[in-house]
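Some notes on the structure that comes next.
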Amino acid sequence: MLKLSKVNVHYSEIEALKSISLEVNQGEIVSLIGANGAGKSTTLMTISGIIKPTKGQIEFEGKTIDSLSPESIVKMGLLHVPEGRRIFPRLSVKENLLLGAYLRRDHIEDELDRVYGIFPILKERSNQSGVTLSGGEQQMLAIGRALMGKPKLLLLDEPSLGLAPIFVKKIFEVIQEINKEGVTVLLVEQNAHLALQVSHRGYILETGRVVHHDESQRLISNEKVKEAYLG
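Numbering-wise (the working numbering), the sequence shown opens with residue 572 and increments by one.
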């Protein structure tokens with residue numbers, strides 16, 4: 572479904588991604604783990620068109636997308652929930668959600684009902700402004716907004732960052748739920764153990780390079796991975 576082939580990204584003179592190659596198959600949850608500064612968020616922003624690669628190729632469903640605009644990529648069904656949530660704080664919860672469907676013209680109310688079914692708290696807070704929500708509720712809103720775009724592939728960047736354990740549990744239950752409903756997921760997550768528990772396969776990034784990839788359960792039992800990332 573998604574294929575990166577020897578992708579390089581530069582920030583001025585700094586090489587942030589160094590010939591990265593990875594694949595995500597339809598129906599999978601794939602985790603991308605690594606230390607801070609390894610290039611995980613840069614990888615997601617490059618896939619979604621926010622950053623342009625200096626070398627390499629990115630394909631989505633067999634079509635090359637590395638030169639496309641973020642809007643064009645969204646239209647194809649590839650949506651990105653960025654680190655830090657990036658909701659519109661002065662808009663209501665419902666308005667935030669409807670903005671997620673701004674490229675759609677069909678069944679928007681049905682999709683809104685579906686999101687409210689996944690996150691009942693958002694329905695309760697539908698007329699509140701985004702800024703009044705807790706961190707966990709804002710993360711639910713950010714994911715719900717992306718789901719309003721009816722994604723085929725969802726890029727999630729640090730969905731548990733700064734959240735209380737009860738919200739982390741809910742977010743990861745939702746990730747598994749939407750995956751079972753047919754949404755493919757590429758997950759960047761600081762909690763490497765939790766990410767590998769819910770994903771099918773994982774890639775490990777170090778200083779802009781993929782240094783290892785395998786089935787998630789094999790990574791969990793790998794002694795070097797345990798020592799470096801799982802504590």
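Cβ coordinates follow ideal geometry from the N, Cα and C atoms, glycine included.
Whole-angstrom distance between residue j and residue i, CA atom to CA atom
i	j	result
Glu-630	Asp-637	7 Å
Arg-657	Val-782	30 Å
Thr-614	Tyr-774	12 Å
Glu-786	Val-595	12 Å
Gly-608	Asn-698	38 Å
Gly-571	Lys-634	As displayed, the chain neither begins before 572 nor continues past 802, which places residue 571 out of reach and without an answer.
Phe-659	Glu-794	43 Å
Arg-696	Arg-780	42 Å
Arg-676	Val-796	46 Å
Met-711	Asp-684	15 Å
Glu-744	Glu-777	28 Å
Lys-694	Gly-688	8 Å
Ser-583	Asp-681	45 Å
Leu-726	Glu-586	22 Å
Ser-700	Ser-792	44 Å
Environment of residue i [buried if 16+ CB atoms lie within 10 Å]
i	result
Ala-672	buried
Val-686	buried
Pro-730	buried
Arg-772	buried
Tyr-800	buried
Thr-703	exposed
Pro-722	buried
Gly-707	buried
Integer-rounded CB distance, given that residue j should sit under 8 Å from residue i
i	j	result
Thr-755	Gln-597	6 Å
Ile-622	Val-652	At roughly 16 Å, the Cβ-Cβ gap does not stay under 8 Å, so Ile-622 and Val-652 are not in contact.
Val-769	Ile-600	6 Å
Lys-577	Lys-626	7 Å
Leu-662	Gly-720	16 Å between Cβ atoms; not a contact.
For residue i, the three-state DSSP class (helix, strand or coil)
i	result
Ile-644	helix
Leu-712	helix
Lys-751	helix
Ser-576	strand
Asp-681	helix
Gln-628	strand
Asp-581	The question names Asp, but residue 581 in the sequence shown is His. Reduced to three states, the DSSP call for His-581 is strand.
Gly-706	helix
Tyr-687	helix
Ile-604	strand
Tyr-774	strand
Glu-599	coil
Ile-658	coil
Arg-804	With the chain running from 572 to 802 in the structure shown, residue 804 is simply not present.
Ala-672	coil
Ile-591	strand
Leu-734	coil
Lys-795	helix
Glu-586	strand
Leu-649	strand
Ser-612	helix
Leu-693	helix
Leu-801	helix
Leu-518	Residue 518 falls outside the range modelled here, since the chain spans only 572 to 802, and no answer is possible.
With a threshold of 8 Å, are at least 3 pairs of Cβ atoms found where one atom belongs to the stretch 713-723 and the other to the stretch 660-677? yes
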